[in-house]
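Student: Numbering (our numbering), first residue to last: 48 to 397. Dropping the structure in here first, questions after.
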């Protein structure tokens, strides 16, 4: 029996609803997602502060040097508020952090929020370009592999994705520099120009690090999209749409792709922490003044306030990315927003 397509392109039969549940994880309602994000942020804040407390770093001794007297060290520790009980320090630090005040660096006395405000846009701009590359490359490869299911192109895409999934970002970065920058001299080996200052120069400096970070995410997106799309293209409602004479492009992009994009969107959201983690090495290789490089310098200097601030900013970025993924999943699967009727299995659309 031919399945019926709803005006939005989603299947209205029981088979189609089962497909939606298989193709994507059930997204959380945004209210629950926000509550979960707030809980994770609070726990991450406590762990971040606890790591700083466990380090037993003494800013007075570190800043004043070996010639400092115990009285000088006690005076500086009092200025930083480190002579108070740790629960009081945490409550004060968290309250200030929620207002944007992350304290001051022990060594430069520059506000931590100012340092993060200067470094975070660099990392976010590179990560945004990397995500764009991942979507374009991974989406194109996944669709091509699914349409060539079992063919040479499918095997080529699958093999390439398997190889890229095993290569760390710094290996890809070094290879790109060797080929694109050293041999062909098409792009610079490193450096950074803000987008607002010169968009074209920003792009020249951002392409290689973004490409190095994007290939692993592109491989994950391609694999997930290929697997889910192959299953969707075999469904009755797709066959019925083709038999009714709908153009193949409309069937693919208007109906099948939407119902198979859930796992790929999830893979894209999971790539954000990996992009930030890979940026630690990538920013060092390409000499980028980003948040990862800032946190590495802070760790080398044992600058606890700066370490805590960069960790908290990173957690916030990851949580925001997860909220965006949940919103995207709800947009792909509107049935998840509807209340579930009594007796209906959890996650099933009405």
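Cβ coordinates follow ideal geometry from the N, Cα and C atoms, glycine included.
#1: What residue does the alpha helix (DSSP H) around residue 284 start on, and which one ends it?
#2: Please say whether residue 304 and residue 276 have beta carbons closer to each other than 8 Å?
#3: Check whether the region 183 to 198 and the region 369 to 378 touch, using three or more Cβ-Cβ pairs below 8 Å as the test.
#4: Note down, one range per segment and in chain order, each beta strand (DSSP E) of at least 3 residues found wholly within the region 261 to 341.
#5: Which first and last residues belong to the alpha helix (DSSP H) in which residue 140 is found?
#6: To which residues does DSSP link residue 158 through a beta bridge?
#7: Within 10 angstroms of the Cβ of residue 123, are there 16 or more other Cβ atoms? Answer buried if so, exposed if not.
#8: Taking the C-alpha atoms as reference points, what is the distance between residue 156 and residue 185?
#9: Counting Cβ pairs, one atom from each stretch, are 3 or more of them under 8 Å apart for the region 173 to 181 and the region 315 to 333?
#10: I need the DSSP call for residue 196, collapsed to helix, strand or coil.
#11: Return the residue from the list 357, 258, 176 and 377 that minimises the CA-CA distance to residue 161.
#12: What are the boundary residues of the alpha helix (DSSP H) that includes residue 125?
#13: Is the separation between the beta-carbon of residue 351 and that of residue 153 shorter than 8 Å?
#14: Should residue 133 go down as buried or exposed, given a rule of 16 or more other Cβ atoms within 10 Å for buried?
#15: Which residue's Cα is closest to the Cα of residue 270: 245, 290 and 310?
#16: Taking the straight line between their C-alpha atoms, what separation do you get for residue 165 and residue 158?
#17: So for residue 130, helix, strand or coil by DSSP?
Tutor: Answer, in terms of the structure:
#1: By one-based count along the chain shown, residue 284 stands at place 237. Under the DSSP assignment, residue 284 falls in the alpha helix (DSSP H) whose first and last residues are 283 to 290.
#2: As a first step, residue 276 must be located in the chain shown, where it is residue number 229. As a first step, residue 304 must be located in the chain shown, where it is residue number 257. In this structure, residue 276 sits near residue 304, with a CB-CB distance shorter than 8 Å.
#3: Contact between the region 183 to 198 and the region 369 to 378 is absent, because fewer than three Cβ pairs lie under 8 Å.
#4: Restricting attention to beta strand (DSSP E) runs no shorter than 3 residues, the region 261 to 341 encloses none.
#5: Here residue 140 corresponds to residue number 93 of the chain shown, with the count starting at 1. From DSSP, the alpha helix (DSSP H) with residue 140 extends over 133 to 145.
#6: One-based indexing of the chain shown puts residue 158 at position 111. Per DSSP, the beta-bridge partners of residue 158 are 151.
#7: Here residue 123 refers to the residue found at position 76 of the chain shown. Buried: at least 16 other Cβ atoms inside 10 Å.
#8: Here residue 156 refers to the residue found at position 109 when the chain shown is read from its first residue. Here residue 185 refers to the residue found at position 138 when the chain shown is read from its first residue. Residue 156 and residue 185: Cα-Cα distance of roughly 44 Å.
#9: The region 173 to 181 makes contact with the region 315 to 333; the number of CB pairs closer than 8 Å reaches 3 or more.
#10: The residue you call residue 196 lines up with position 149 of the chain shown. In the structure shown, residue 196 sits in coil (DSSP, three-state: anything other than H, G, I, E or B).
#11: Here the question's residue 161 lines up with position 114 in the chain shown. Between residue 161 and the set 357, 258, 176 and 377, the nearest pair of CA atoms involves 357.
#12: The count along the chain shown starts at 1 and reaches residue 125 at position 78. DSSP places residue 125 in the uninterrupted alpha helix (DSSP H) bounded by 117 to 126.
#13: By 1-based counting over the chain shown, the position of residue 351 is 304. By 1-based counting over the chain shown, the position of residue 153 is 106. Yes, the pair counts as a contact, with Cβ atoms nearer than the cut-off.
#14: Stepping through the chain shown from its first residue, residue 133 is reached at position 86. The residue is exposed, with fewer than 16 neighbouring Cβ atoms inside 10 Å.
#15: Reading the chain shown from its first residue, position 223 is the one you call residue 270. Taking only the C-alpha atoms, the option nearest residue 270 is 310.
#16: One-based indexing of the chain shown puts residue 165 at position 118. One-based indexing of the chain shown puts residue 158 at position 111. Distance between the alpha carbons of residue 165 and residue 158: 11 Å.
#17: Here the question's residue 130 lines up with position 83 in the chain shown. DSSP places residue 130 in coil when its eight states are reduced to three.
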